[in-house]
Amino acid sequence: MAVAITDGVFSTMDGIFNIDKERGVTSHDVVQRVRRLARQKHVGHAGTLDPAAEGVLLVCLGKATKVVEYLMDSPKRYCAQVTLGAVTDTGDADGKIIWRAEAVTVDRTQVEEALQAFRGRIKQVPPAYSALKRGGTPLYRLARRGLDFPREAREVEIYDLRLMAWEPPVAVIDVTCSRGTYVRALATDLGERLGCGAYLSRLVRLASGRFTLEDAVRMEALASAFAAGRASDYLYAPDEALLGTFAVVLGPESDRLVRHGSSIAIELASEAAPRHGDLCRAYGLQGDLLAVLRYDSASHLWQPDKVFVV
């Protein structure tokens, strides 16, 4: 983590903020506010949360923007409140109800049995109202114009799916899933499978990779920390995104090669053998993160995937 401060003003910050996003605020709004508070341009988030959703939103600054893709690829965990017996045009509580069941007669056992069909690798059609782009335009903008357009099913993976509470007509489910999973679509599909319709009435992201809601900071608390010159108290180093991967300290020659984008052979302290595509954190002799390397099983070499210093 590198933080330079001049007269109380941050000139550079390299790291990750784990922010507890509030309902009604867009992910872009959070990024813009952090950008103003930090007074730097290189700020981005690692995985959009809908305005109605709450919970973990990872915001990366400076060199940490290079690890966004790794954060986005990590599993996500949600607490989803699904209301049965009605369907909305957006799939969530912000939309208009377009169909309502006369009665919801399903019980807890039926809900649990229906959930079994969504565990593992499944095909999912993205909601019409989503940030997914078609021809460079977000789908939600096309939907608001009343345009009808095809949406191709995509494969996602549900690692864990459990019914946590059942208070008819509301089911509270715990979902751990892969990148690209739409919990709104999961709620809609669950309603179709049960034959009574459903929509997502509340969504809280509990975790993104190793970052959890318990450790997240609310935006107002972070703003106060900036004002007090303590924002770095909440800043995680960029390599926090890759803890759990291989790690190596490079000597001068390997350091030089990696800085210039060349592949290298390295000996790992880990007993586990690397597989094709595995990642490794490469550090310099002074302990600074130099690069993220990716293993190529054909050449048995480690190729620079992201270089943090030149």
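Everything in the sequence shown is counted per this note's numbering, starting at 11 for the first residue and increasing by one. For every residue, glycine included, the Cβ atom is placed at its ideal position computed from N, Cα and C.
- In the DSSP assignment, the residues bridged to H55 are V69.
- Under DSSP, C187 shares a beta bridge with K86, I168.
- Look at G201 here: in three-state DSSP terms it is helix.
- By the CB criterion at 8 Å, S37 and L59 fall inside the cutoff.
- In this structure A163 does not touch A103 by the C-beta definition: roughly 24 Å separates them, more than the 8 Å allowed.
- Within the DSSP bridge table, the entry for Y209 names T93 as partners.
- In this structure, the alpha-carbon of A308 lies about 34 Å from that of R129.
- DSSP, reduced to helix, strand and coil, places D60 outside both helices and strands of the structure shown, so it counts as coil.
- The region 170 to 184 makes no contact with the region 23 to 34; the number of CB pairs closer than 8 Å stays below 3.
- Under DSSP, the beta-bridge partners assigned to I107 are T98.
- DSSP lists no beta-bridge partner residue for T36.
- Between the alpha carbons of S211 and G54 lies a gap of roughly 27 Å.
- With a cut-off of 8 Å on Cβ pairs, the region 92 to 108 is not in contact with the region 42 to 56, counting fewer than three such pairs.
- Excluding residues up to 5 positions away in sequence, A96, T98 lie with their Cβ nearer than 6 Å to the Cβ of I107 in the same chain.
- For V317, the closest of Q126, L289, D306 by C-alpha to C-alpha distance is L289.
- Counting the other Cβ atoms within 10 Å of the Cβ of P314 gives 16 or more, which makes it buried.
- Under DSSP, L311 shares a beta bridge with D306.
- The beta carbon of L278 lies closer than 6 Å to those of F256 in the same chain, with the five residues before and after it left out.
- Residue G207 holds the alpha-carbon nearest to the alpha-carbon of A111 among T75, G261, G207.
- Distance between T198 and E165, taken at the CA atoms: about 16 Å.
- Contact check for L253 against R220 passes: the beta carbons are separated by less than 8 Å.
- If you keep only unbroken beta strand (DSSP E) runs of at least 3 residues inside the region 220 to 291, you get 256 to 259.
- Separation of R194 and R240 (C-alpha to C-alpha, rounded to the nearest whole angstrom) is 37 Å.
- Residue pairing by DSSP puts Q134 in a beta bridge opposite R164.
- DSSP lists V180 as the bridge partner or partners of E177.
- Within the same chain, Cβ atoms closer than 7 Å to the Cβ of Y88 are found at V185, V193, L213, V214, R215, L216, the five residues on either side in sequence being excluded.
- Using a 10 angstroms sphere on the CB of P248, the tally of other CB atoms reaches 16 or more, which defines it as buried.
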